[in-house]
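Residue numbers (UniProt numbering), protein chains in the order written: chain F, 1 to 238; chain A, 1 to 238; chain V, 1 to 238; chain Z, 1 to 238; chain B, 1 to 238; chain R, 1 to 238.
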């Protein structure tokens, strides 16, 4: 199957990771997976949520949102509608869980890091681009904290990267763009550590149920994609 | 590892599926997985959401909620807080996607089925119990429609069942109760058709990342559990 | 006038009061008035609302809600609509006031009891069934507290029960089911103590205004119904 | 028992009913019961709510609210809090039901009348003052409609007036001011037609339950008060 | 150009300022600019918002709202809609800024004054009438505080008054009524101190952009109007 | 007075206007005034709001928002808080009014253009940068429409640009950055057409009232700044 942009089935789109895109945030990254462009900003606070106080442990959380015209047709703002939609909630929670897999809370101490992932332009894979970029912003925020001696060592115990995979017209593909995503029979998001372990696997039968063989193929493809993204994160952080 | 209730690692809790628990709903089921008790009510409407009008196709959706004292300590009502939380959104969406895998929308015609899954009592695995019970309520609702000639044939193309699996103290366990869920290092929800294909796989590293071998073990365990639940659904529907 | 279910005008529907229906709540009751089924859960907290702090006195309050498919046609969830409707507010307030008539706050000490009344199935008289069941759940919660020496004695100074009465086709009827309620010209809810005094009387002319004679007849009927419900509460609590 | 303002137990406060207080509304009344001042504005629309369309029948409804500084200490605005409180809901519904008892919807035709009752200053009895004033505004709105031939005759089939009664230090009192209301053991609102029939009776034991004798006394007192208010309404409308 | 009510272009409508219109508020004014009628209530609190605590300084703020039938056609309540509209926000902020120009926060001490401006009837210029009346209510609230020795001197360092001006059919007019406001090509609100300095100037091209000459003319007209309103405020406060 | 970045009092910050920053929007601009960076996206719809239907006329509106970490400390999202703040409302309305001054609605036909202005990074003057950039996005959206023959000619009758001016330490300054804005005694936003006429003038005494001479100086400064911005807009659009 030929892909719209001529990629091989197991090829990522061009990925760019631009650090320090913002002047104010303790860590900030503009991450691009092809036409998908997500601004990740890490904010450090020297306090923790109420339920965490006195524990000696920190907290990491994330919020995901899309600008109204990130997509082909405009979406109403969630602030104007007065509530957050299910999709936004679901993705914010996924990003938060993924980043928390990188952190030793005791070493972080009673500090919080909030990662805002705002999609400026969407072309498929916004949540996986967000996780991949947010990790880099998190590293920069932690470096900022360590310069100020806010942590008792290095709280980062792993790196994370994420990629989407899916079956389109019976072919497993890596890093789906929007038109491929819409056409996918099966859709999976794979979040992995830099050492090749799984943090989160979410596979969904969009059109028809999938068997174990397809699942295995998608996991292989996702693992290879995450390994490549890990390499790009390291490059960006060097 | 001995389980609190003496089960084998690959054993489900006692499951009961009580049909017609409600007088008004077109399909209704009280499903119990041990101490977890979910009331599933299917409501039929002879119309579809606006974006679906004129397509000749139907729609199936779901809403999940917990009564405030389903859990050990009381949770404030989402109606009183004025908004739906992220967890509720995430689970409602999962149940809806799972049930939609069973249905041929063209045969359903321009009708909707809404499945309400209300947790009366929670002891782990509420979302998987909800999916398993909701499928049975869906079948009853479809039978009700077919008696009234609302569909052009049988719109059900598959059955679905779901179960949670997880790794607790390095042991893979089937159908986690609440105390096991809290202690799990890895947590996975597996939704499968009656023919053993996957509809949704969601695996999360709660404590530490997991490798492919652990993932494979959990998928095996989940597949066996779903097969057993499929058998119990058939029995209940006989 | 013959009633749909063959009852005499002054006869209650079959009433069942099942205690300890839930595993987690300090008191819980499934109360049934015919087809009306309400789950009442009492939650104890060893604190009071802010405005009550330091007073040495406790607080009792209630929340009422209906599951979406408790009724013949589905109602949207108040959590989804993002606000609580007027009817829900009105009934929650009525239940709270009724239960507060049973309690000596000084003896209760600075503790709170919240009674959640969730209608699983509705066939008229949900608010009166809720009050009648909630009182029993309250007694169980208080017993739970006394076993733990949380109170300085018995804070319960009265029992309460409630029933609806109404005039249908000029005949005063006790304990209206839904079809009778819809047809009623006058509708009254009577909340009484176990010693036959009034806690709340709410009479409404649905179709046409009513005179003092009709009011008196309804009060007599309500008083007899509450006396019978008091007897059933005692039996359940024995 | 001497009353703060020297009234007899069965005496109303000075009542004034000022018609046409507003320039724009089809009917408007500033009603005063002593220090309680409520602005009632009736708005006519030549349409009905969606669920009423095509029925040939009209609708009457009401909304009650308090200005933030109507009371001794300031209350936050419900618009700022983003939701309507239970008390506001309860009273709006009571006023609406009371006014609907006056109207023949078929004669009203497919028109709506909305009565806004805004409490400018509160000193007890705001809901009963609101009902009493709202009826007069309703009459003016109906006259306005009849001048424009919007109705097929006179849709008003009754008048309504309302008053609060209560037991303070064992003495039944008519038309409680705020300090009496706070001290009342029993509190009752009585809504009656001009011909002396009941539209709504709401009695609440604030401090302790009340017996039938007390209830009867309060009903007598309320009936006399409503008769006097009916006389004042007629005078104002003459 | 002849004005609807026969006024000269540079003439205010009849203005009345009635102090102490409410019994409970520390300062209260019913201000009328022709048919525009705004009730201004000043509430004193011996505390400040959280972000101001410990500063030794006070705070003054304002909220503006309209009764639903203040206007020719009824507007839905913002409390019912569950949110405050942009216009309400904008005007509340303008009134707050204007009043804060009058106050020395250090002399006020850690006290707050909230001014509620509720439009009972609207005929153009509601925000400028609100500011003009609110200032008088503020003075009364400050006098009330000074009688109770809550301030360390006189916190009022200026007076403010406000008026609208606009160009209608090429003629600059002072104090526009509603029909003039709707027809205005340019609309300006001018807020000035009693000593003739500007606190706020907001000019908007409604129909077509305006040049510096028109702007100058409107400022002259506004300055004269504010001077006259200052005189009326003084008279009212004498 | 020396400015932090060495500018003259009457000098703009470096301004860049990057067109077509987004792939999907009909017009899009990233506008930068020094460290202030606003993304303006124009969305065309071939319909109008309900109240405008059948008029033959179009509509232009705008929404302004800030990303949570656009500023030095993180602000909670308005979508999470569930409501839009007063400042956001005020600025959205200002941008909308300013852009509407450019458009002949009859020539636009029954089409709408919504301009989203999202502040990616804030350093003072976000609203004036937004207006200046939004105009350019509007022009591109109109060109897009004209290529598709959606308009009956050129609906643009004027250009608009905007700049902030203010008095800091008694010196009138053009185009204030954040630290200057905070220190300003008087703050004014000036919106002008390309032909030098005023569309909106908003001057506010932050610290102390200002006299006519100061107002005149600020207007002169604003007019010069807008003229320069108009030149830059033309350059960008060439």
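Heads up, the beta-carbon is just placed ideally off N, CA and C, and yes, glycines get one too.
Could you list the residues in the region 93–126 of chain V with a C-beta less than 9 Å from some C-beta on chain A, going in chain order?
-> 114, 116, 118, 120, 121, 122, 123
Taking the continuous beta strand (DSSP E) assigned at residue 32 (chain B), which residues delimit it?
-> Element bounds for residue 32 (chain B): 27–33.
Give, in chain order, every unbroken run of the beta strand (DSSP E) that is at least 3 residues long and sits entirely within the region 75–122 of chain F.
-> 112–121
Between the region 47–75 of chain B and chain Z, which residues of the former have CB atoms less than 7 Å from a CB of the latter, in chain order?
-> 63, 65, 67, 68, 69, 71, 72, 74
Whether residue 160 (chain B) touches residue 112 (chain B) by CB criterion (8 Å) = no
Could you pull out every residue in the same chain whose Cβ sits closer than 7 Å to the Cβ of residue 136 (chain F), ignoring the five residues on either side in sequence?
-> 17, 19, 29, 233, 236, 237
List the residues of chain B that residue 143 (chain Z) touches, going by C-beta distances under 7 Å, in chain order.
-> Chain B residues near residue 143 (chain Z): none, gap ~17 Å exceeds 7 Å.
Whole runs of the beta strand (DSSP E) within the region 127–168 of chain R, excluding any shorter than 3 residues | Whole beta strand (DSSP E) segments, 3+ residues: 160–168.
Could you round the C-beta distance between residue 158 (chain B) and residue 102 (chain B) to whole angstroms and report it? I think they count as a contact, below 8 Å.
-> 5 Å
May I ask you to report which of helix, strand or coil DSSP gives residue 231 (chain V)?
-> helix
Could you please tell me which residues of the region 183–204 of chain R, in chain order, have their CB closer than 9 Å to any CB of chain B?
-> Of all residues in the region 183–204 of chain R, 186, 188, 191, 192, 193, 195, 196, 197, 198, 199, 200, 201, 202, 203, 204 have a Cβ within less than 9 Å of some Cβ in chain B.
For the beta strand (DSSP E) containing residue 175 (chain Z), list its first residue and its last residue.
-> First-last for residue 175 (chain Z): undefined, no H or E at that position.
Within 10 angstroms of the Cβ of residue 43 (chain R), are there 16 or more other Cβ atoms? Answer buried if so, exposed if not.
-> buried
In three-state DSSP terms, what is residue 179 (chain V)?
-> In this structure, residue 179 (chain V) counts as helix in the three-state DSSP scheme.
Please state if the CB of residue 140 (chain B) and the CB of residue 27 (chain B) are separated by a distance shorter than 8 Å.
-> yes
From residue 35 (chain A) to residue 22 (chain V), what distance separates their C-alpha atoms?
-> 9 Å
Rounded straight-line distance, which links the Cα of residue 56 (chain V) to that of residue 310 (chain A) | The structure shown does not extend to residue 310 (chain A), since chain A spans only 1 to 238, so no value can be given for it.
For residue 46 (chain A), which residues of its own chain have a beta-carbon under 6 Å away from its beta-carbon, when the five flanking residues on both sides are left out?
-> 111
Among A:187, A:131, A:206, which has the Cα closest to the Cα of residue 226 (chain A)?
-> A:131
Residues that DSSP places opposite residue 63 (chain Z) in a beta bridge | Z:116
Is it true that the region 7–17 of chain F meets the region 73–88 of chain F, where meeting means three or more beta-carbon pairs spaced less than 8 Å apart?
-> no
Are the C-beta atoms of residue 24 (chain F) and some chain R residue less than 8 Å apart?
-> So yes, residue 24 (chain F) belongs to the interface.
State the CB to CB distance for the pair residue 142 (chain R) and residue 66 (chain R), rounded to an integer number of angstroms; the pair is presumed to be in contact (CB under 8 Å).
-> Going by Cβ atoms, the distance from residue 142 (chain R) to residue 66 (chain R) rounds to 27 Å, so no, they are not a contact pair.
For residue 4 (chain Z) and chain B, any beta-carbon pair shorter than 8 Å?
-> no
Give a yes or no on whether the minimum CB-CB distance between residue 175 (chain B) and chain R is below 8 Å.
-> no
Which of helix, strand or coil DSSP assigns to residue 203 (chain A) = strand
Report all residues from its chain with a CB closer than 7 Å to the CB of residue 104 (chain A); omit the five preceding and five following residues, and keep chain order.
-> 155, 157
Alpha carbon to alpha carbon, how far is residue 100 (chain A) from residue 208 (chain F)? Give it in angstroms, no decimals.
-> 10 Å
For residue 138 (chain V), decide whether its Cβ has a neighbour in chain A, counting only Cβ atoms nearer than 8 Å.
-> no
Cut-off 8 Å between Cβ atoms - residues of its own chain near residue 180 (chain F), not counting five sequence neighbours on either side | 3, 4, 124, 166, 168, 173
Between the Cα of residue 224 (chain R) and those of R:60, R:108, R:191, spot the shortest distance and give me the residue it belongs to.
-> Nearest C-alpha to residue 224 (chain R): R:191.
Comparing the C-beta of residue 148 (chain B) with each C-beta of chain Z, is any distance below 8 Å?
-> The beta-carbon of residue 148 (chain B) is placed no less than 8 Å from the nearest beta-carbon of chain Z.
Within 8 Å, strictly: CB atoms of residue 210 (chain B) and residue 197 (chain R) | yes
Would you kindly report the start and end of the unbroken beta strand (DSSP E) that includes residue 47 (chain F)?
-> Neither: residue 47 (chain F) is in no beta strand (DSSP E) and is coded neither H nor E.
Exposure of residue 164 (chain R), with buried meaning 16 or more beta-carbon neighbours within 10 Å = buried
Assumed close pair residue 95 (chain F), residue 127 (chain F) - CB separation to whole angstroms, cut-off 8 Å = 7 Å
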